[in-house]
């Protein structure tokens, strides 16, 4: 059957309609705030970028931020938007001051879109500009004008204030996690020494830039003092630790490029090249970069990012007609790192020993690695443990931020998820049962253990997480003792060998309902005892209560609701003060008296109170009946 195609099918959307219909083009994924890259944080970032750009241009030394419930206030003390253009700046696409690179030479926001997206995706949006003793205020809702206040005199300091409430129709039951907000704000002050950001009573400030960033984010001191190098339009800092893998923090014009880009690739290459030349030996690149913790920040004129969310730099050159990003970074590292190592022989000695230790470990497991890679290659076309999806994090797919892999226990659970999943963005990896406890073992075990080897191959993280295949790694186990144990075993594996996956917010725990409470008219899924109690009270005594003992007991028809847009994910978060070794030793080490005492002291007995609630409700009904007779 042919479908008619006429002039009537051609539509031109208003700017606000297009943003609301295709929000992913502007802010990446929506989300409810449980993930660091959820849209509500991108909205805050878009507002902050404008304020920080003012500071970068030499105007306004502080920014005040308040988040109460779901309302965000951001006030800077820059020049303020020209009063006659306030309306245009927040409601007319491709309107802004940053097209003229003389006004904002090396700014973050360039295309005049970000603040309009905040406006369109907010149920309430207020913009106030204070400039030379006058103030202009305008209020919007969903991008539509609500109130346009006249310009009036004021004694306030110059600057811009933005107040917005993300739209619950789009973001659902969202919430801001203070840790995620604070992490974003710390990055701003690290990259803009001297800038003060006040957030909900806390003050953020940095004197030493990226040196402070690494110091703050490392749970333990490096093997040698952090090497901190600065120059025009570039700043780098790095050291080596004892952890596995590589850990990078990369920035362009103050923007956290979490997916790296041309500058990070050039930096990794330059480190290897310079160190090889310094020691006059052709060390393997992986041995040089193993266990590195590094940060790089560059300033690029008219940067080109690969998406509106600005998570990956695509620029080849530092400026129109200027040197390439690769040559600029290589020349800087070659000169300054070489000088540093000559001036600091003790650091050079420790670094050399670290490289040699990495080389020994690599060679010790090289034969096992070869076998594991061959095994992974053979199953890559048909990995029985992996049901893959189409969109991957390390691709240019428009849905790459939504790419998710569920790690499940057993065929029953994986079967339910596989039948319910979105094949575009959701993959499933099935475990045989309880995986190996890897605490205290070397990385050799990753290759010797078939299950972990295949999981590593599925995630594509053997050479680091730059090519991570899935943005969200979700541990989906039963909510019982065995399920909790499997969670711990998997977290032990990730924390031991790939801690950056956790630190960068890629690992989650899937929350599935414990109970189903329903009557003939309504069904409710309850995740806690309190939710169950409330459901029984509201649905009445004649309810059917089902306890889900395992994921396999949830039918695929029901499971699709729990891994859909309202999926509940608990992020696995780590702070600087969290000691990986201490954590793993306590929970996964030998069964010490300390752990036994902890279990005994925290042991709880849960009673099923369903019948008790039913009795209370029944008594209440009978009492009311007698009272009305």
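In the working numbering, the protein residues as written are 84 to 712.
Ideal Cβ positions, reconstructed from N, Cα and C, are used throughout, including at glycine.
Item: Pick helix, strand or coil for residue 579, following the three-state DSSP scheme.; Value: helix
Item: Counting C-beta neighbours from all protein chains within 10 Å, is the total for residue 604 16 or more, i.e. buried, or is it exposed?; Value: exposed
Item: Please state whether DSSP places residue 394 in a helix, a strand or coil.; Value: coil
Item: DSSP has residue 145 in a bridge; who is on the other side?; Value: 279
Item: Let me know if residue 249 comes out buried or exposed under the rule of 16 or more other beta-carbons within 10 Å of its beta-carbon.; Value: buried
Item: Pull the bridge partners of residue 559 from the DSSP assignment, please.; Value: 491
Item: Could you give the distance in angstroms between the alpha-carbon of residue 373 and the alpha-carbon of residue 621?; Value: 57 Å
Item: Note down, in chain order, each residue of its chain lying with its Cβ closer than 6 Å to the Cβ of residue 73, except the 5 sequence neighbours on either side.; Value: It is not possible to answer for residue 73, since the shown part of the chain is limited to 84 through 712.
Item: Does residue 637 come out as helix, strand or coil in the three-state DSSP assignment?; Value: coil
Item: Excluding sequence positions up to five away, which residues of its chain have a Cβ less than 7 Å from the Cβ of residue 468?; Value: 512, 513 and 537
Item: Compute the Euclidean distance between the alpha carbons of residue 324 and residue 433, then round it to the nearest angstrom.; Value: 11 Å
Item: For residue 388, which beta-bridge partners are listed by DSSP?; Value: 396
Item: Could you tell me whether any Cβ in chain B is nearer than 8 Å to the Cβ of residue 543?; Value: No chain B is part of this structure, which consists of one protein chain only.
Item: Quick check on this structure: which residue in 546, 553 and 442 has the alpha carbon closest to the alpha carbon of residue 480?; Value: 553
Item: Shortest alpha-carbon distance to residue 599 belongs to which of 632, 585 and 389?; Value: 632
Item: Indicate whether residue 591 and residue 557 have their beta-carbon atoms separated by less than 8 Å.; Value: yes
Item: Compute the Euclidean distance between the alpha carbons of residue 167 and residue 118, then round it to the nearest angstrom.; Value: 38 Å
Item: Roughly how far, in whole angstroms, is the beta-carbon of residue 642 from the beta-carbon of residue 499, given that I think they are within contact range, below 8 Å?; Value: 5 Å
Item: For residue 445, which option in 529, 651, 482 and 484 has the closest C-alpha, if you only look at C-alpha atoms?; Value: 529
Item: Tell me the DSSP secondary structure of residue 100 in three-state form.; Value: helix
Item: Which runs of the alpha helix (DSSP H) spanning at least 4 residues fall entirely within the stretch 599-633, listed in chain order?; Value: 612-622
Item: Please report the residue range of the alpha helix (DSSP H) in which residue 346 lies.; Value: 345-362
Item: If you drop the 5 nearest sequence neighbours on each side, which residues of the same chain put their C-beta closer than 7 Å to that of residue 255?; Value: 115 and 649
Item: By alpha-carbon positions, which one of 163, 158, 162 and 210 ends up nearest to residue 174?; Value: 210
Item: Find the nearest neighbour of residue 440 within the set 156, 394, 369 and 555, judged by alpha-carbon distance.; Value: 369
Item: Using the C-alpha atoms, what's the distance from residue 219 back to residue 242?; Value: 11 Å
Item: When burial is assigned at 16 or more other CB atoms within 10 Å of the CB, is residue 105 buried or exposed?; Value: exposed
Item: Can you tell me the Cβ-Cβ gap for residue 508 and residue 486, rounded? I've got them flagged as a contact below 8 Å.; Value: 5 Å
Item: Am I right that residue 214 and residue 163 are in contact with their C-beta atoms under 8 Å? What's the rounded C-beta distance?; Value: 4 Å
Item: How would you write the range of the alpha helix (DSSP H) that residue 254 sits in, first residue to last?; Value: 251-254
Item: Grouping DSSP H, G and I as helix and E and B as strand, with all else coil, what is residue 377?; Value: strand
Item: Quick check on the burial criterion: 16 or more other C-beta atoms within 10 angstroms. Buried or exposed for residue 596?; Value: buried
Item: Is it the case that the stretch 136-150 contacts the stretch 271-278, given that we only count it when at least three CB pairs across the two stretches are under 8 Å?; Value: yes
Item: Look at the Cβ atom of residue 130, then the Cβ atom of residue 245, and state whether they are nearer than 8 Å.; Value: yes
Item: Which partner residues does residue 274 have in the DSSP bridge list?; Value: Beta-bridge pairing links residue 274 to no other residue.
Item: Do the stretch 281-288 and the stretch 385-399 touch if we need at least three Cβ pairs shorter than 8 Å?; Value: no
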